[in-house]
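Chemist: Following the UniProt record's numbering, the numbering of the sequence shown begins with 1 at its first residue and continues without gaps.
Have a look at this one before I ask anything.
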Amino acid sequence: EHRRSSREHVIQESRQDRELGSCPRESPSFRSHFTALTIAREPRSKQGAKHGAVETGQGCANPSSGAATAALFEPDRDGQIPQVVVLVGAPGMGKTMMVRKVMVEWGEGTLHTQFDFVFYIDCKAIALPMEASVTDLVSRCCPGLQVPAGKILDDQKKILFIFDGFEALGFSLVQPEAELSSDPREVKPLELTVMSLLKKTVLPQASLLITTRPTAVGSLVQCLESEYYMEILGFSAARRKEYFHRYFENPSKADLAFSFARGNEILYSLCVIPVMSWTICTILEQELCGKKNLLECSKATTGMMMFYLSQLLKHRDRDNPQVLQQFLLQLCSLAADGIWKHKVLFEEKEIKDCGLDQPGLLPLFLNERIPKDGEDHGNVYAFTHLHLQEFFAAMFYVLEDDEEMVSSLGRLEKDVNKLLESYSKSRKDLNVTVQFLFGLVSQKSIEYMDKTIGCKISPRAREELLKWLQGRHRGLSHPGQALKVSEMDTFHFLFEMNEKGFTQSALGHFSELDLQDTKLTLYDQMALSFCIQHWDGLSCITLQGCSFHWQDPEGELNASVPCALAVRRREELPCPIHLLCQALRHRDSALRVLRLQWCRLSESCCAELAALLAEHPSLTELELGDSSLGDSGVRLLCEGLRAPACRLRVLR
Numbered sequence: 001e002h003r004r005s006s007r008e009h010v011i012q013e014s015r016q017d018r019e020l021g022s023c024p025r026e027s028p029s030f031r032s033h034f035t036a037l038t039i040a041r042e043p044r045s046k047q048g049a050k051h052g053a054v055e056t057g058q059g060c061a062n063p064s065s066g067a068a069t070a071a072l073f074e075p076d077r078d079g080q081i082p083q084v085v086v087l088v089g090a091p092g093m094g095k096t097m098m099v100r101k102v103m104v105e106w107g108e109g110t111l112h113t114q115f116d117f118v119f120y121i122d123c124k125a126i127a128l129p130m131e132a133s134v135t136d137l138v139s140r141c142c143p144g145l146q147v148p149a150g151k152i153l154d155d156q157k158k159i160l161f162i163f164d165g166f167e168a169l170g171f172s173l174v175q176p177e178a179e180l181s182s183d184p185r186e187v188k189p190l191e192l193t194v195m196s197l198l199k200k201t202v203l204p205q206a207s208l209l210i211t212t213r214p215t216a217v218g219s220l221v222q223c224l225e226s227e228y229y230m231e232i233l234g235f236s237a238a239r240r241k242e243y244f245h246r247y248f249e250n251p252s253k254a255d256l257a258f259s260f261a262r263g264n265e266i267l268y269s270l271c272v273i274p275v276m277s278w279t280i281c282t283i284l285e286q287e288l289c290g291k292k293n294l295l296e297c298s299k300a301t302t303g304m305m306m307f308y309l310s311q312l313l314k315h316r317d318r319d320n321p322q323v324l325q326q327f328l329l330q331l332c333s334l335a336a337d338g339i340w341k342h343k344v345l346f347e348e349k350e351i352k353d354c355g356l357d358q359p360g361l362l363p364l365f366l367n368e369r370i371p372k373d374g375e376d377h378g379n380v381y382a383f384t385h386l387h388l389q390e391f392f393a394a395m396f397y398v399l400e401d402d403e404e405m406v407s408s409l410g411r412l413e414k415d416v417n418k419l420l421e422s423y424s425k426s427r428k429d430l431n432v433t434v435q436f437l438f439g440l441v442s443q444k445s446i447e448y449m450d451k452t453i454g455c456k457i458s459p460r461a462r463e464e465l466l467k468w469l470q471g472r473h474r475g476l477s478h479p480g481q482a483l484k485v486s487e488m489d490t491f492h493f494l495f496e497m498n499e500k501g502f503t504q505s506a507l508g509h510f511s512e513l514d515l516q517d518t519k520l521t522l523y524d525q526m527a528l529s530f531c532i533q534h535w536d537g538l539s540c541i542t543l544q545g546c547s548f549h550w551q552d553p554e555g556e557l558n559a560s561v562p563c564a565l566a567v568r569r570r571e572e573l574p575c576p577i578h579l580l581c582q583a584l585r586h587r588d589s590a591l592r593v594l595r596l597q598w599c600r601l602s603e604s605c606c607a608e609l610a611a612l613l614a615e616h617p618s619l620t621e622l623e624l625g626d627s628s629l630g631d632s633g634v635r636l637l638c639e640g641l642r643a644p645a646c647r648l649r650v651l652r
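Structure (structure tokens):
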């Protein structure tokens, strides 16, 4: 009876859980919202522990995409059912979501039915006493227990203890064996009671599920017996798309939101981190709530990264912002030094020399990798994702500080011009860092970082960025010809900053846009459209051989989608050049020539082109060579040509 009432309580709590974010909507059920994660599973013993702890993203055998929580206590190849499972993952990888799913499935009676009682201990939130017995822990987990805790513990095999966020306990796991307890009713210092559960001196037949960040694995392997490590590697490519569709209840919005992320290589790569997928979906949903149109989205990659950073830091103590500012300065210095040297692994000595060995902050940003047997250096660290390192490297150049950062890594100057020149000449790998740099010095970013995170960003780099943009394209234009912009990254940089005045200043001296044989994703088109709308002197656009993509370029629509539904979704999407035509129809457009030859346009584009011809005050030349417009498409064009306001003189 108690088992059933406990399950009902778990189900009720899970239904009350709501996703974070300010956009109002009905909270979906946990089951419909959960997306399976890729998990690597590897048994470890005392012998195996010598070879080091699980490495982030590698080092685990048998990675499986979409592994269910049922796999947590499944028999291994030898038929052995693990009693101790350690779920390892970086912050935001979905460890807590996994254990919540375990609780829900157990509560519903669909999985983990071998357990009569599951006790969940949130190590980050629960207030634990200085001294306690195992019975006390049980009572604290379930204060409404109708059955005496001591009686519950009699059948050990039917019990599962979950320690979520084990690293937050901060215990020393080196305790004298003689002081460990064997009696669940014996009151001991909390460290000894927990250690007794881990070492199996008390309730040796009970099962344990422990979630932890990589930093705590090294100490855990010293006290666990025959444990299994399962590393959460994040979302596979297919699961990223599935997550977007689970998050957005409207399939068309899900398709559009995923196309936005899929077309942005930085965002799509970061979506491997579940909390980053959530961040992107949350922001895009807020945009949809505000504007009803994702195509007007103003949140570029930097904005999403700052929101992600605010989520990582939301539980920290805000009473001493100087500590965080100093920590971030050192972290950004390390990141920038690594980017310059093509370096992603940092030794423990470097971490300490930089003053980053702060247990309350370091694990939020860096994963610890335990050295393997035979390696003579200490532990090494890496950022959770390369793009996070690039984001912090960009922050290095704009975070305010009282003096130049000096570390044992050598003097790294905050020379924005050196960064930009290196990118222009040969270091194309600096592209993401430069893009984040533009985003960080926007007025919105400066205000957000100050108010939400408590960091001061200097706007001094804005002028250097403006001069660099103006100068790079002058050098690419031939003498005596019109000044043209022919680098797609320029539009990404300006879209990242998302400021009308800065864009007008950067592009004001140029009159032509020339991109050839470029595959334009939805994100590319949004960046282009933003710049075109604020480019007063633009007179000629050449997009020769370019293709326009609105859906996932890898697999247009999911093969499992019914045919009728697939057709309806395609019909709901605007024509491929919708964003371009929409941008050109702003009232200040001075465009005279539009070249779209070899773009393989179809009849679906003709209505937009006809509307543009009928309204544009200065368009005199239109090239549509090698298109498949069809008779009906040409008839639509003719409607635009007949309009009294049409100024076209040349149609090819």
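Even glycine gets a Cβ: it sits at the ideal position worked out from N, Cα and C.
None of the values given here were measured: they were computed from a predicted structure.
Between which two residues does the beta strand (DSSP E) harbouring F383 extend?
Modeler: Where F383 is concerned, the enclosing beta strand (DSSP E) stretches over V380 to F383.
Chemist: Residues in the same chain with beta-carbon distance under 6 Å from V650, minus the five sequence neighbours each way, listed in chain order, please.
Modeler: Contacts found: E621.
Chemist: Provide the residue(s) that pair with D164 in DSSP beta bridges, ordered along the chain.
Modeler: Beta-bridge pairing links D164 to D122 and T211.
Chemist: Quick one: grab the DSSP three-state call for E639.
Modeler: Correct three-state label for E639: helix.
Chemist: Express the C-alpha separation of L203 and residue 663 in angstroms, rounding to a whole number.
Modeler: Since the first residue shown for the chain is 1 and the last is 652, residue 663 is missing from the structure and cannot be characterised.
Chemist: By a C-beta neighbour count over all protein chains shown, 10 Å radius and 16 as the cutoff for buried, is A645 buried or exposed?
Modeler: Exposed, by the Cβ-count rule.
Chemist: For R100, report the span of its alpha helix (DSSP H) as first-last.
Modeler: R100 -> alpha helix (DSSP H) spans K95 to E108.
Chemist: How would you label A559, buried or exposed, when you count the other beta carbons within 10 angstroms and need 16 or more for buried?
Modeler: Low local confidence applies: a pLDDT of 34 at A559 is under 50, so the model's placement there is unreliable, with the coordinate-based value given in what follows. Its Cβ having fewer than 16 others within 10 Å, A559 is exposed.
Chemist: What is the DSSP secondary structure of G633, counted as helix, strand or coil?
Modeler: G633 falls in the helix class under three-state DSSP.
Chemist: For the region 411-427 against the region 447-467, do three or more pairs of beta-carbon atoms, one drawn from each stretch, fall closer than 8 Å, so that the two count as touching?
Modeler: Yes, the region 411-427 is in contact with the region 447-467.
Chemist: My guess is that T452 and G234 are in contact by the Cβ rule of under 8 Å, so how many angstroms apart are they, rounded?
Modeler: Their Cβ separation, rounded to whole angstroms, is 25 Å, which puts T452 and G234 out of contact at 8 Å.
Chemist: Secondary structure at D514, three-state DSSP: helix, strand or coil?
Modeler: D514: strand per DSSP, three-state reduction.
Chemist: E368 lies in the alpha helix (DSSP H); which residues open and close that run?
Modeler: That residue, E368, is in no alpha helix (DSSP H); its beta strand (DSSP E) goes L366 to R369.
Chemist: Bridge partners of C540, per DSSP?
Modeler: Looking at the DSSP assignment, C540 forms a beta bridge with E512 and V593.
Chemist: On the premise that T302 lies in contact with S445, defined as a C-beta separation below 8 Å, what is that separation, rounded to the nearest angstrom?
Modeler: About 6 Å; that satisfies the 8 Å criterion.
Chemist: Identify the continuous beta strand (DSSP E) that holds E623 and give its terminal residues.
Modeler: Per DSSP, E623 belongs to the beta strand (DSSP E) from E621 to E623.
Chemist: Roughly how many whole angstroms lie between the Cα atoms of V187 and D136?
Modeler: Distance between the alpha carbons of V187 and D136 is about 8 Å.
Chemist: Measure the alpha-carbon distance for W598 versus L520 and round it to whole angstroms.
Modeler: Taking the straight line from one Cα to the other gives about 14 Å.
Chemist: Assign P363 to buried or exposed, taking buried as 16 or more other Cβ atoms, counted over all protein chains shown, within 10 Å of its Cβ.
Modeler: The residue in question, P363, is buried, as its Cβ has 16 or more Cβ neighbours within 10 Å.
Chemist: Counting pairs of beta carbons, one from the region 343-354 and one from the region 227-245, are three or more of them closer than 8 Å?
Modeler: Verdict: no, contact absent.
Chemist: Which term fits D517, buried or exposed, when burial requires 16 or more other beta carbons within 10 angstroms of its beta carbon?
Modeler: Burial call: exposed.
Chemist: Less than 8 Å between the C-beta atoms of S628 and R600, yes or no?
Modeler: Yes, they are a contact pair.
Chemist: Cβ of L596 within 8 Å of Cβ of L624?
Modeler: Yes, they are a contact pair.
Chemist: Pairing CB atoms from the region 277-291 with CB atoms from the region 243-253, are three or more of them under 8 Å?
Modeler: Yes, the region 277-291 is in contact with the region 243-253.
Chemist: To the nearest angstrom, how far is the alpha carbon of D450 from that of L329?
Modeler: Roughly 15 Å between the two C-alpha positions.
Chemist: Taking only three categories from DSSP, how would you classify V54?
Modeler: In this predicted model, V54 has a pLDDT of only 36, less than 50, meaning its place in the structure is not dependable enough to derive any value.
Chemist: For a test of the three-state rule: what should DSSP assign to T113, helix, strand or coil?
Modeler: In this structure, T113 counts as coil in the three-state DSSP scheme.
Chemist: Pick out the complete alpha helix (DSSP H) segments inside the region 405-460, 4 residues or longer, and give them in chain order.
Modeler: The qualifying runs are 416-425, 431-440 and 443-448.
Chemist: In whole angstroms, what is the alpha-carbon distance linking L145 and K124?
Modeler: Rounded to the nearest angstrom, the two C-alpha atoms are 23 Å apart.
Chemist: Out of C141, E108 and V134, point me to the one whose CA is closest to I121's CA.
Modeler: Considering only alpha carbons, the answer is C141.
Chemist: If we ignore side chains and look at the alpha-carbon of each, how far apart do G439 and D76 end up?
Modeler: Whole-angstrom Cα-Cα distance: 48 Å.
Chemist: Helix, strand or coil: how does DSSP classify L399 here?
Modeler: Looking at L399 - three-state DSSP - the assignment turns out to be strand.
Chemist: Does at least one heavy atom of the ligand FMN sit under 7 Å from the Cβ of I457?
Modeler: Of ligands this structure carries none, so the ligand FMN is not represented either.
Chemist: Rounded to a whole number of angstroms, what is the C-alpha to C-alpha distance between R100 and K158?
Modeler: Looking at the two C-alpha atoms, the distance is approximately 19 Å.
Chemist: At what residues does the alpha helix (DSSP H) containing A242 begin and finish?
Modeler: According to the sequence shown, residue 242 is Glu rather than Ala. A237 to Y247 is the span of the alpha helix (DSSP H), which, as asked, contains E242.
Chemist: Where do the ends of the alpha helix (DSSP H) carrying H578 lie?
Modeler: Residues H578 to L584.
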